[in-house]
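**Student:** Below is one structure. I have some questions about it.
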Amino acid sequence: MTPTKKANNSSENSLHEIEEIISKLEQSLPPVPSASFQFLTDWTKISKYPDLKYCYLKQFPPEKFPVVFKYSMEAEIFPEILHTLSTSFLDNGDDVFDYLKYLTAVG
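Take the sequence shown: its letter number 89 is residue 236 in my numbering, and every next letter is one higher.
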């Protein structure tokens, strides 16, 4: 690869990164939901953005899990929440105990 091609690829990558950042900033963080349907809708909207999923869960009081998800939680959501807890939360030094505790009370 020639230096010119490398520079073009680098510029394209930088432009792509900037577009991703702008796209993230355009997404607004949904408020804490009061129903499981709203959580699922919000989670789906932000699913491409791990940082937004982290912020969304961070604002969500863990004790609300059994209230919002009274009887069950969608199968695809549970592992995504666990993944966010095990990556973003732990990477940022956040305690996950209460989240895990109240997730076990769902259903």
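Glycine included, each C-beta is placed from N, C-alpha and C at the ideal position. What you are looking at is a predicted structure, and each value in this text was computed from that prediction instead of being measured.
1) Alpha carbon to alpha carbon, what distance is there between S161 and P180?
2) Going by Cα to Cα distance, which pick from L204, E166, H163 and E164 is closest to L176?
3) When the Cα atoms are used, what is the spatial distance from Y201 to Y246?
4) Report the three-state DSSP secondary structure of N160 (helix, strand or coil).
5) Skipping 5 residues on each side, what residues in its chain have a beta carbon closer than 6 Å to that of F212?
6) In whole angstroms, give me the CA-to-CA distance for F184 and K217.
7) Assign F207 to one of three DSSP states: helix, strand, or coil.
8) Please tell me whether P209 and T231 are closer than 9 Å, where the distance is taken between their beta carbons.
9) What whole-angstrom Cβ distance do L187 and I193 have, given they're in contact under 8 Å?
**Tutor:** Quick answer:
1) The residue labelled residue 180 in the question sits at position 33 within the sequence shown. The residue labelled residue 161 in the question sits at position 14 within the sequence shown. Distance between the alpha carbons of P180 and S161: 35 Å.
2) The count along the sequence shown starts at 1 and reaches residue 176 at position 29. It is L204 whose Cα lies nearest to the Cα of L176.
3) The count along the sequence shown starts at 1 and reaches residue 201 at position 54. The count along the sequence shown starts at 1 and reaches residue 246 at position 99. Approximately 12 Å, taken between the alpha carbons.
4) On the sequence shown, residue 160 is found 13 positions in, with the first residue counted as 1. If DSSP states are grouped into helix, strand and coil, N160 belongs with the helices.
5) The residue given as residue 212 occupies position 65 in the sequence shown. Its chain contains Y249, L250 and V253 as the residues whose beta carbon lies nearer than 6 Å to that of F212, once the 5 sequence neighbours on both sides are disregarded; these appear in chain order.
6) The count along the sequence shown starts at 1 and reaches residue 184 at position 37. The count along the sequence shown starts at 1 and reaches residue 217 at position 70. Their Cα atoms are separated by approximately 11 Å.
7) The residue labelled residue 207 in the question sits at position 60 within the sequence shown. Reduced to three states, the DSSP call for F207 is coil.
8) Looking up residue 209 in the sequence shown gives position 62. Looking up residue 231 in the sequence shown gives position 84. No.
9) In the sequence shown, residue 187 corresponds to position 40, counting from 1. In the sequence shown, residue 193 corresponds to position 46, counting from 1. Taking the Cβ atoms as the reference, L187 lies roughly 11 Å from I193, outside the contact range of under 8 Å.
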